[in-house]
Each structure stands twice: as structure tokens, then as C-alpha cells.
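First up is the structure itself, then whatever we jot down about it.
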Amino acid sequence: MTLTPAPLWKRILAAVYDGLAVIGLLMGVFVVIFVTAILILGKYAVIEEHVLWGSWIVRSIMLLSVFIYFHLSWRNGGQTLGMKSWHLYVIRPDKQPITLWQSALRFISGLLVIGWLWCLVDPQKRALQDIVSNTRLLQKAPSN
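Numbering-wise, our numbering comes out as the position in the sequence shown, counting from 1, plus 150.
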């Protein structure tokens, strides 16, 4: 399998697909949190003084859930759902799966969407998150 640097347009389309998957994931996580809060707190879980969805704890759980989705996807096969659609892979320079630390760096730096534009000027077509995490986003070359 020949891998080449992924172009920006494929990165963006994969991110859009992943955005849809993340929305579904967050809806499921929120339902679990909401039902758990109702079971524990009863009616107090939904009154204005205890607005559940504004809680930093809930936001942290949701952000952690999204990170876990990306880490497990990148670690096990190097692809998220969106990346599978566009035949993209995240790997280390030595062609091994990325580590937890690399996933964390890639996830945090990937939130700065402006960093994606760096692949337009980088000779190796790396975005900011590729450079920061010492990973590569590659595409499977079409077979002839």
C-alpha cells in the first residue's frame, strides 16, 4: 500500500464527516449524563439553579469523550470514521500507531483549525497538528 501526503480538501471533508459522528457521540453521552443526573438528583437536575448542561463537569466529560473517540480511532487502525471514507491514515514517521501523548497533542492542536492551512506551505504537506505531534496524515494512493 502506497501512502502519500493528504491534501487539505480531503482533511476538511474527513473532518466534516467526523463532525457528524461526534455530534451523535455527544448526544449519546449527554443522554447518559442527563439520565444519571435525574436518577441521582431527581427534579433538582433540571431546575435553573442547577442547569446541568452549563456545568464544567459535563463539558469536561463531553470533551474527554470526543478525545477518547479520536484516540481509539487513531490508535486502532489509524483512522476515524471520516478518515476511512477518504482513505486517510494517521501514523508516526516509523509507520507505527500513534501514542496517547501524540493523540493528545494532535487533538489539542487540531482544535486550532487555522493550523490546517500550514499544509499548503509545508514542503512535506504537514499541518500544524502533524508537526506538533510528530505524526503524518497520509492518503492511500489509488491503485491502477
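All residues carry an ideal CB built from backbone N, CA and C; glycine is no exception. Note that the structure is a prediction, hence the values are computed from the model and not measured.
Q) Thinking C-beta only, is R256 closer than 9 Å to I248? A) yes
Q.
If contacts are defined as beta-carbon pairs under 8 Å, then V240 and G232 qualify, I think. What distance do you get, rounded to the angstrom?
A. With 8 Å as the limit, V240 and G232 do not qualify as a contact, their Cβ atoms being about 12 Å apart.
Q) What separation, rounded to the nearest whole angstrom, lies between the Cα atoms of A164 and L170? A) 10 Å
Q | Coil, strand or helix - L238 by DSSP | A | strand
Q | F184 to L191 span [Cα, whole Å] | A | 10 Å
Q) Going by the beta-carbon positions, is the gap between R211 and V179 smaller than 9 Å? A) Sequence inspection shows Ile at residue 211; the Arg mentioned does not correspond to that position. In this structure, V179 lies closer than 9 Å to I211 by Cβ.
(Q) Based on DSSP bridge pairs, tell me the residues matched to Q289. (A) T154, L238
Q: Use the C-beta contact count for D244: other C-beta atoms within 10 angstroms, 16 or more gives buried, fewer gives exposed.
A: Exposed, by the Cβ-count rule.
Q) Exposed or buried, which one is R209 when buried takes at least 16 other CB atoms within 10 Å? A) exposed
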